[in-house]
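Protein chains in written order, with our numbering: chain A, 148 to 604; chain B, 148 to 604.
First comes the structure, then the notes that go with it.
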């Protein structure tokens with residue numbers, strides 16, 4: 148006998164948790180599709196030489212390799228031929244480069260699949276987790292206006308998920324780099340300085356300031372102060388964001404370009420009706436220093452800042468330089484849904500959902516079987532998800548089963564009901580019982596469920 | 148520069164093919180849920196000792212193992228700690244045994260995930276493919292009535308998929324074994340004889356008969372004839388199925404048990420309204436000789452018998468004997484969707500779907516941007532999937548893009564339309580253009596799309 152168990156670092160859910168998770172996936176997908184993104188799925192494994200174009204980084208140390216029994220038996224030395232994807236960005240780059248001539252650009256794709264990282268096993272860290280990504284990829288060029296659409300998608304996703312108020316934090320790399328250049332910080336020093344400033348939350352302002360004016364950087368105290376002041380800028384609402392932008396000291400041409408783009412973006416968010424309370428300029432957001440070149444985004448839950456960013460991304464200039472000579476600029480975001488779900492569950496914000504099964508049709512005696520089967524089919528034709536009790540059991544047992552399984556409606560037809568052409572319905576959610584003509588059962592239960600949906604449950 | 152390419156043996160789809168594939172996945176899932184099955188997902192990798200409880204079989208030779216860079220560097224000899232699932236049945240067994248005390252029985256689950264097999268690379272053979280499974284698992288016992296529900300689910304799935312008429316082939320292991328025993332064939336010889344009879348399609352009746360009466364089996368010619376006659380039994384329609392059953396020579400108690408169960412099943416299919424044309428008794432169906440103990444199912448497309456079974460399964464007596472002492476009988480089926488999709492595409496039955504994007508809102512000049520953004524949002528609020536053109540381009544270019552992307556509606560608002568409060572809509576599917584008041588655009592397009600859906604497109 149072998150003890151049944153999952154490998155460490157995976158999140159396996161019980162059915163009713165899986166229903167809750169699946170609803171989040173569906174909501175995200177529906178929203179991505181509403182904004183015109185197309186589905187893409189890629190294989191879980193890629194050829195190792197294709198996946199691992201950069202070597203030696205931390206990511207590669209976490210990569211899982213896959214090999215068949217045959218390859219193992221041969222005992223080939225060296226790196227296995229295939230590796231599991233560790234994110235959805237490298238597969239996207241490979242996909243776009245491989246299918247370049249079959250795609251319409253700007254190419255808008257969403258992808259919601261699991262990725263794999265050999266992380267140290269630790270509470271809340273996962274070796275297998277869902278990422279839900281969107282990207283818009285241009286060929287040769289991509290208008291900065293696509294960077295404005297992204298916060299509108301983020302807003303729509305988290306509004307639809309209904310997990311509490313949130314704020315989309317906005318920054319712009321041109322603004323950052325332009326400002327830094329204006330302070331006399333060289334192109335080479337900028338990423339290092341930024342990396343220090345990115346530690347503000349962890350180390351505190353005093354410590355970061357000390358490092359900046361210390362030997363390693365040797366910034367003048369007033370320059371360090373201006374950087375810190377700059378990184379402290381936060382806006383509150385649409386008008387304040389514009390005002391804060393205007394109030395920033397004039398900088399280099401790059402800085403002005405970033406400011407213009409950010410201003411245009413705020414205007415577009417307004418045109419799209421994104422509430423001003425949902426986004427804020429936050430000039431301390433750094434993210435992916437070598438990668439992003441325009442807007443960068445992070446998203447935080449207002450009531451749960453400890454969770455950190457729940458949706459991040461930005462604008463990049465070249466997606467697939469390892470695979471194609473074509474220039475493929477893009478903008479995208481990623482939601483790490485497994486980790487988010489786990490954190491929301493820890494915080495008590497999501498949990499066990501009602502079953503996907505709407506109704507249990509009970510069976511009181513064998514004579515009722517054919518009728519129960521036919522009634523179940525009629526309910527399914529009316530759009531309900533139905534389980535039929537296949538063997539007669541005591542009603543109390545069947546109610547207990549429905550309750551445990553999270554099934555809302557229990558449909559009962561005893562001799563008395565049959566004689567009157569009605570069925571009795573127990574609504575386990577409301578703790579109510581009612582009778583309805585058999586012919587009207589499907590439409591009645593549909594109405595109840597639609598009301599539920601209208602109330603966002 | 149690295150050539151972007153996928154590993155051999157995977158099916159990667161272009162976006163509009165992915166839309167078609169996703170629609171099939173959604174349809175299958177919706178039907179599984181309608182019949183009261185609950186979602187389960189398991190990790191792509193399982194611990195090797197848990198996954199590979201039986202060793203030496205063909206399956207194990209095809210297993211992919213996964214190991215992290217760290218494990219590779221250590222150069223541990225022996226089998227890697229983790230392996231990719233090669234079907235959804237072993238993970239189900241592990242899942243049910245592991246979570247036994249948290250599940251309500253009968254446990255009805257569906258699972259739609261990819262599985263991995265190191266098959267020889269060959270056209271139409273895949274190393275990564277989707278399986279879509281349902282199973283009902285009982286604790287200690289499971290009524291044979293659940294075996295009657297399965298063909299109703301198969302019928303609903305393939306009716307909803309709309310890929311042509313199909314027939315669910317039914318057989319019963321008790322009928323088979325009972326009949327064989329009645330012919331004096333020992334329990335030990337039965338699987339071997341069955342394996343021969345299973346080759347009827349490939350080898351032809353003469354060759355199989357020769358083997359059965361030959362040295363290896365040594366059956367009397369009249370016994371061989373009776374077996375072949377038995378295996379030729381096919382029914383056509385509900386009444387014929389009952390008649391064919393009745394006409395079978397009386398057999399052993401086991402045979403009669405099988406006949407009674409099959410008769411009851413036919414009655415339940417009738418009660419559920421499954422058309423008699425959709426199922427047939429086929430006493431040559433063998434399948435999983437060591438595994439199945441009751442009903443077995445195969446499903447074939449009437450117009451494409453060369454595709455073989457597109458949905459198969461059966462009743463088994465013990466799901467998880469490697470993991471638990473509890474007896475867990477079950478019944479289930481599996482659809483290998485990747486292979487089916489590939490075959491349907493080869494046969495020209497599925498292909499490129501219209502985009503998930505319903506409408507492209509065009510942009511004729513920069514002044515129109517805010518309005519285009521706002522209009523797009525209003526259409527999304529009306530339930531449409533919308534892409535907004537972000538930079539003005541010539542109308543012809545935008546129409547060409549929509550056409551190439553498979554977007555049905557193109558929404559145009561020039562100065563003339565704006566002055567009159569209307570928009571022009573090009574319906575690329577119908578090749579028509581019409582005008583509609585801006586306020587009514589969302590509801591008008593919704594109606595068009597609903598009509599489409601009502602016509603099953």
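We put the CB at the ideal spot given by N, CA and C, even for glycine.
- Look at residue 590/A here: in three-state DSSP terms it is helix.
- Collapsing the DSSP output to three states places residue 290/B in coil.
- Ranking 391/A, 563/A, 226/A and 186/A by CA distance to the CA of residue 208/A puts 226/A first.
- Against residue 265/A, the close residues of chain B are 214, 215, 216, 217 and 218, in the order they occur along the chain (beta-carbon pairs closer than 9 Å).
- Residue 158/A carries a coil assignment under DSSP once its states are collapsed to helix, strand and coil.
- DSSP, reduced to helix, strand and coil, places residue 454/A within a helical segment of the structure shown.
- Per DSSP, the continuous beta strand (DSSP E) segment holding residue 442/A begins and ends at 439 to 448.
- Taking a C-beta cut-off of 7 Å against chain A, the contacting residues of the stretch 163 to 179 of chain B are 165, 166 and 169, listed in chain order.
- Identification of chain B residues near residue 420/A by a Cβ-Cβ cut-off of 8 Å yields 521 and 524, ordered along the chain.
- Within the stretch 543 to 560 of chain A, the residues whose Cβ lies closer than 7 Å to some Cβ of chain B are 548, 551 and 552, listed in chain order.
- Among the residues facing chain B, residue 478/A is not included, as its CB has no counterpart in that chain under 9 Å away.
- Separation of the CB atoms of residue 261/A and residue 239/A is rounded to 15 Å, and the pair is thereby denied contact status at 8 Å.
- In the three-state scheme derived from DSSP, where H, G and I count as helix and E and B as strand, residue 266/A is classed as coil.
- One thing to note: residue 398/B has its Cβ within 9 Å of the Cβ of residue 325/B.
- For residue 280/A, the enclosing beta strand (DSSP E) covers residues 275 to 284.
- The C-beta of residue 588/B comes no closer than 9 Å to any C-beta of chain A.
- Judged by DSSP in its simplified three-state form, residue 312/B adopts coil rather than helix or strand.
- In the three-state reduction of the DSSP assignment, residue 302/B falls in the helix class.
- Contact with chain A is absent for residue 364/B, since none of that chain's Cβ atoms lies less than 9 Å from the residue's Cβ.
- Residues of the stretch 484 to 498 of chain A with a C-beta atom less than 9 Å from some C-beta of chain B do not occur.
- The alpha-carbon of residue 550/A is positioned some 9 Å away from that of residue 576/A.
- Counting other Cβ atoms within 10 Å of its Cβ, residue 452/A stays below 16 and is therefore classed as exposed.
- Residue 248/A is classed as exposed because its beta carbon has fewer than 16 other beta carbons within 10 Å across all chains shown.
- For residue 149/A, the closest Cβ of chain B is nearer than 9 Å.
- In the structure shown, the three-state DSSP call for residue 164/A is helix.
- Scanning its chain for C-beta atoms nearer than 8 Å, with the 5 sequence neighbours on each side dropped, one finds around residue 478/B the residues 282, 283, 289, 293, 294, 297, 441, 442, 460, 461, 462 and 463, in chain order.
- Contact check for residue 307/B against residue 174/B passes: the beta carbons are separated by less than 9 Å.
- At a cut-off of 9 Å between C-beta atoms, residue 154/B counts as an interface residue with respect to chain A.
- With a threshold of 9 Å between beta carbons, residue 424/B makes no contact with chain A.
- The Cβ-Cβ distance between residue 579/A and residue 569/A does not fall below 9 Å.
- According to the DSSP assignment, residue 378/B belongs to the alpha helix (DSSP H) that extends over 368 to 378.
- Contact of residue 302/B with chain A by beta-carbon distance below 8 Å is absent, the smallest such distance being about 11 Å.
- Scanning 458/A, 360/A, 170/A and 328/A for the CA closest to the CA of residue 279/A turns up 458/A.
- For residue 199/B, there is no enclosing beta strand (DSSP E), as DSSP gives it neither H nor E.
- Each residue's CA atom was taken as its position, placing residue 331/B and residue 364/B some 12 Å apart.
- With fewer than 16 other Cβ atoms inside 10 Å of its own Cβ, residue 354/B counts as exposed.
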